[in-house]
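Novice: With the working numbering, the residue at position 196 of the sequence shown is 199, and numbering never jumps.
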Amino acid sequence: MHALRILIQSLIVGAILFGIISSFRRKKKILALTGMSLAIAATALGGSSVQINDALHNGPAIGLDWFLLDMFLMALIYVPLERLWPQYPAQGTFRNEWTLDVIYFMSTHLPLQILSFLVLLPATQATKYLGVPVVQQSIARMPWLLQFFLAVVVADTAEYFIHLALHKVPFLWRFHAVHHSSKALDWIAGSRSHFVDDTLVRGFILAPLMLGFSQSIILAYLIFVTLHATWTHCNFRPSAKWLEPFLVMPRYHHWHHTSQKEGIDKNFAIHFPWIDKLFGTYYYPDEWPERYGLDGEELARGFFWQTIDPFTKRKTSALKV
Numbered sequence: 004m005h006a007l008r009i010l011i012q013s014l015i016v017g018a019i020l021f022g023i024i025s026s027f028r029r030k031k032k033i034l035a036l037t038g039m040s041l042a043i044a045a046t047a048l049g050g051s052s053v054q055i056n057d058a059l060h061n062g063p064a065i066g067l068d069w070f071l072l073d074m075f076l077m078a079l080i081y082v083p084l085e086r087l088w089p090q091y092p093a094q095g096t097f098r099n100e101w102t103l104d105v106i107y108f109m110s111t112h113l114p115l116q117i118l119s120f121l122v123l124l125p126a127t128q129a130t131k132y133l134g135v136p137v138v139q140q141s142i143a144r145m146p147w148l149l150q151f152f153l154a155v156v157v158a159d160t161a162e163y164f165i166h167l168a169l170h171k172v173p174f175l176w177r178f179h180a181v182h183h184s185s186k187a188l189d190w191i192a193g194s195r196s197h198f199v200d201d202t203l204v205r206g207f208i209l210a211p212l213m214l215g216f217s218q219s220i221i222l223a224y225l226i227f228v229t230l231h232a233t234w235t236h237c238n239f240r241p242s243a244k245w246l247e248p249f250l251v252m253p254r255y256h257h258w259h260h261t262s263q264k265e266g267i268d269k270n271f272a273i274h275f276p277w278i279d280k281l282f283g284t285y286y287y288p289d290e291w292p293e294r295y296g297l298d299g300e301e302l303a304r305g306f307f308w309q310t311i312d313p314f315t316k317r318k319t320s321a322l323k324v
């Protein structure tokens, strides 16, 4: 608890300092002043020293501080990478619709992460009845790293097929189109996703993992997929050529989000490009895409309508990304 309070106080102080720097360096002062105002208000209300009314007992507790720390730590990792080595320097950190993606991060991305972690315990218990003992025992005898690698392969294969269905089944595409509606990609753009889309994908990933893998392996995979999937959406130019055939890089996944004809319905794999090669959906030219977003299709503007509209009947373009 003491370490968490120090981290929260550091976050508040950092918000004030960065707000001061931003107010001097940027022409538009509103974001800097808003950030400083909120940080000062948090300090006035007690900051990290606020007392908890009831003592916390054994078990998890998740509050607003967890949400803010998660976003702060993710931004701390990815924003410097995008500012130092961007593929699209003119895009900037505060691009068009960045506030919409922050709303998606807070309302969809984080709750789905929490839900995934909370189902680990009952999922582990369920494997006693649903798991195949021979498979479970065989996997358990493997070295931990081999178990983890196998879990990533199983999860990516499962996600490939649900991802393919989200593109090919018109009703499912209504939900997945939200994720592809961003006309510029960066670390937080990957959070723009309808909750039905996220729930389906996470369910198809966890279902096969629960049948044969331990709780620690599933937990490790959830951490890995959160970091890796965020990175593949980054506005980040450098790449390791020797690693590209084996691990999805930002340029590879950016082609999945393009509205250019040659990249439509390609690169469904999330972690391993060779899965796309295996199923004939691989596309990886040397250059980066020039256009992103939906091809011949417009979605409603704003989080509320983008959440509601997929449940209603509407015509969609035959050309999808």
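Just so it is clear, CB atoms sit at the ideal spot from N, CA and C, and this is done for glycine as well.
Skipping 5 residues on each side, what residues in its chain have a beta carbon closer than 8 Å to that of Phe306?
Specialist: The sequence position of residue 306 within the sequence shown is 303, counting from 1. Leu103, Ile106, Tyr107, Ser110.
Novice: Among Val137, Ala154, Tyr285, which has the Cα closest to the Cα of Ala210?
Specialist: By 1-based counting over the sequence shown, the position of residue 210 is 207. Measuring from the Cα of Ala210, the nearest candidate turns out to be Ala154.
Novice: Please classify Val228 as buried or exposed, where buried requires at least 16 other C-beta atoms within 10 Å of its C-beta.
Specialist: As a first step, residue 228 is located in the sequence shown; it is residue number 225 there, counting from the start. Buried, by the Cβ-count rule.
Novice: Span of the alpha helix (DSSP H) holding Pro331?
Specialist: The structure shown does not extend to residue 331, since the chain spans only 4 to 324, so no value can be given for it.
Novice: Alpha carbon to alpha carbon, how far is Ile273 from Val157?
Specialist: For the purposes of this step, residue 273 is taken as the residue at position 270 of the sequence shown. For the purposes of this step, residue 157 is taken as the residue at position 154 of the sequence shown. Distance between the alpha carbons of Ile273 and Val157 is about 12 Å.
Novice: Given a cut-off of 8 Å on the beta-carbon distance, is the pair Gly22 and Ala35 in contact?
Specialist: Taking the first residue of the sequence shown as 1, we reach residue 22 at position 19. Taking the first residue of the sequence shown as 1, we reach residue 35 at position 32. Going by C-beta atoms, Gly22 is nearer than 8 Å to Ala35.
Novice: Rounded to whole angstroms, what's the CA-CA distance from Gln80 to Tyr163? Just pull it up for me.
Specialist: Stepping through the sequence shown from its first residue, residue 80 is reached at position 77. Stepping through the sequence shown from its first residue, residue 163 is reached at position 160. In the sequence on display, residue 80 carries Ile and not Gln. When rounded, the distance between both Cα atoms is 27 Å.
Novice: Is it buried or exposed for Pro253, if we count other Cβ within 10 angstroms and need 16 for buried?
Specialist: Stepping through the sequence shown from its first residue, residue 253 is reached at position 250. Buried is the call here.
Novice: Which residues does DSSP list as the beta-bridge partners of Thr261?
Specialist: Residue 261 sits at position 258 when you count from the first residue of the sequence shown. In DSSP, Thr261 forms a bridge with Tyr295.
Novice: Find the nearest neighbour of Asp189 within the set Gly215, Ser52, Ile165, Arg98, judged by alpha-carbon distance.
Specialist: Along the sequence shown, read from residue 1 onward, the residue named residue 189 stands at position 186. Measuring from the Cα of Asp189, the nearest candidate turns out to be Arg98.
Novice: Since I believe Glu100 is in contact with Asn238 (beta carbons under 8 Å), could you give me their beta-carbon distance rounded to a whole number of angstroms?
Specialist: The residue labelled residue 238 in the question sits at position 235 within the sequence shown. The residue labelled residue 100 in the question sits at position 97 within the sequence shown. Asn238 to Glu100, Cβ: 14 Å. No contact.
Novice: Decide if the stretch 217-235 is in contact with the stretch 260-268; the criterion is three or more beta carbon pairs, one per stretch, under 8 Å apart.
Specialist: Contact fails: fewer than three Cβ-Cβ distances are below 8 Å.
Novice: Exposed or buried, which one is Pro288 when buried takes at least 16 other CB atoms within 10 Å?
Specialist: Translated into positions along the sequence shown, residue 288 becomes position 285. By the 10 Å Cβ count, Pro288 comes out exposed.
Novice: Can you find the residues in the same chain that come closer than 6 Å, C-beta to C-beta, to Tyr285, ignoring five residues on each side of it along the sequence?
Specialist: Along the sequence shown, one-based indexing puts residue 285 at 282. Taken in chain order, the residues that qualify are Asp279.
Novice: DSSP three-state label for Pro173, please.
Specialist: Taking the first residue of the sequence shown as position 1, residue 173 is located at position 170. Looking at Pro173 - three-state DSSP - the assignment turns out to be helix.
Novice: May I ask which residues mark the beginning and end of the alpha helix (DSSP H) holding Ser185?
Specialist: Reading the sequence shown from its first residue, position 182 is the one you call residue 185. No alpha helix (DSSP H) contains Ser185, which DSSP labels as neither H nor E.
Novice: So, for Ser26: in the same chain, excluding its five sequence neighbours on each side, which residues have a beta-carbon less than 6 Å away from its beta-carbon?
Specialist: The sequence position of residue 26 within the sequence shown is 23, counting from 1. Counting only Cβ-Cβ distances below 6 Å, and skipping sequence neighbours, we find Lys32, Ala35.
Novice: Name the two residues that bound the continuous alpha helix (DSSP H) containing Thr102.
Specialist: Taking the sequence shown and counting its residues from 1, one reaches residue 102 at position 99. Segment 101-107, the alpha helix (DSSP H) holding Thr102.
Novice: How long is the line joining the alpha carbons of Phe75 and Val181, rounded to whole angstroms?
Specialist: Locating residue 75 in the sequence shown gives position 72, counting from the first residue. Locating residue 181 in the sequence shown gives position 178, counting from the first residue. Approximately 24 Å, taken between the alpha carbons.
Novice: Alpha carbon to alpha carbon, what distance is there between Leu169 and Leu175?
Specialist: Here residue 175 refers to the residue found at position 172 when the sequence shown is read from its first residue. Here residue 169 refers to the residue found at position 166 when the sequence shown is read from its first residue. Cα to Cα, the separation comes out at about 5 Å.
Novice: Buried or exposed, going by whether 16 or more other CB atoms sit within 10 Å of the CB of Met77?
Specialist: Looking up residue 77 in the sequence shown gives position 74. Answer is buried; the Cβ neighbour count reaches 16.
Novice: Which one of Val199, Ile191, Phe216 has the shortest CA to CA distance from Ala232?
Specialist: Looking up residue 232 in the sequence shown gives position 229. Nearest option by C-alpha distance: Ile191.
Novice: Are the CB atoms of Phe178 and Pro313 nearer to each other than 8 Å?
Specialist: As a working mapping, residue 178 is identified with position 175 in the sequence shown. As a working mapping, residue 313 is identified with position 310 in the sequence shown. Yes.
Novice: In chain order, what residues of the same chain have a beta carbon less than 8 Å from the beta carbon of Met145, not counting five sequence neighbours either side?
Specialist: In the sequence shown, the residue the question calls residue 145 occupies position 142. Excluding positions up to five away in sequence, the list reads Leu153.
Novice: I'd like the list of long-range same chain contacts for Pro328, defined as Cβ closer than 6 Å, with 5 residues on each side in sequence excluded.
Specialist: Residue 328 is absent from the model: the chain starts at 4 and stops at 324.
Novice: Using the C-alpha atoms, what's the distance from Thr96 back to Asp268?
Specialist: Here residue 268 is taken as the residue at index 265 of the sequence shown, counted from 1. Here residue 96 is taken as the residue at index 93 of the sequence shown, counted from 1. About 28 Å.
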